[in-house]
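Just below is one structure, and these are the notes that go with it.
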């Protein structure tokens, strides 16, 4: 599976071979000892995966259920009439499919896949950046893409990446992609990172967004035995990142989301710190009570923190 897809998650392996993740983790460790693959947090990749980036066909088959749950929750943060930017990636593509139902929305993107997902949405305006096409992920990169974003200001950015740590933030393995993602983030008042649990604790070559710039993380619930992910999520929350965790199997105490089959738990420090300053003429951008905070608190607000995940792993 790793040779065919470039990378695979432990959860997906356990589902395919119909065994426990503990058994899969042991076998992956043995395969790594033979030099057949490299372990990564929550999964495995081909040897040398730190500098290698899987193409879209490989990524599209990884953690599909998790990406769907993440996209369902992220779509609930978007309000009618907003202007947003959406970066490239398979998770952001899933998000775009759900944004097609939001009236009056303007989406700026460098992703052909995001644009394609919104192409037939009559009530959504799609603005493409310029740039050079990068075939591995169907994204526009380079100076043309970055220059087309200069002077742009939107309410929030939705981006993904190859790795996320509390110490370094979001990162990717390609320099051109990282540069364009930074330009997308610079155009937004608030930054929402979409990252499944396999990205947590993983650090890749090029930093995209430092932790203190990330407003909100939407992720899926880590496997029960994955204490490292829970620790990483707690560290992100302690750094002021609002964290929403989607569940695939309806674990108790998780709130039902309004967007789909996933559930969510909003986990954050007691007093979230504003990330970005509002742009002139844009009400509430980046400040408590602004658009993102209102979206986070819609429905019943959860007081649980990420530390609450730990008891279920004992």
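In this note's numbering, the protein residues as written are 1179 to 1492.
In this text, a Cβ means the ideal position worked out from N, Cα and C, and glycines have one as well.
{"Query": "Taking three-plus beta-carbon pairs below 8 angstroms as touching, is the segment 1351-1371 in contact with the segment 1215-1223?", "Result": "no"}
{"Query": "Under the rule that 16 or more other beta-carbon atoms within 10 Å means buried, what is residue 1416, buried or exposed?", "Result": "exposed"}
{"Query": "Hey, out of 1322, 1317, 1253, 1244, whose CA is closest to residue 1373's CA?", "Result": "1244"}
{"Query": "Using only CA atoms, which one of 1359, 1333, 1413 lies nearest to residue 1258?", "Result": "1333"}
{"Query": "So does the segment 1325-1343 actually touch the segment 1363-1379, counting three or more Cβ pairs closer than 8 angstroms?", "Result": "yes"}
{"Query": "Once DSSP output is grouped into helix, strand and coil, what is the label at residue 1303?", "Result": "strand"}
{"Query": "So residue 1272 and residue 1297 are in contact, right, with Cβ under 8 angstroms, and what is the actual spacing, rounded?", "Result": "Not confirmed; about 16 angstroms, so no contact."}
{"Query": "Alpha carbons only, please: which of 1315, 1294, 1211 is nearest the one belonging to residue 1274?", "Result": "1294"}
{"Query": "Thinking just about the alpha-carbon of each residue, which of 1361, 1188, 1337, 1264 is nearest to the one in residue 1325?", "Result": "1361"}
{"Query": "Any idea if residue 1194 is buried or exposed, counting beta-carbon neighbours within 10 angstroms, 16 or more meaning buried?", "Result": "exposed"}
{"Query": "Quick check on this structure: which residue in 1400, 1301, 1320 has the alpha carbon closest to the alpha carbon of residue 1308?", "Result": "1320"}
{"Query": "Taking the DSSP output, what are the residues bridged to residue 1420?", "Result": "1394"}
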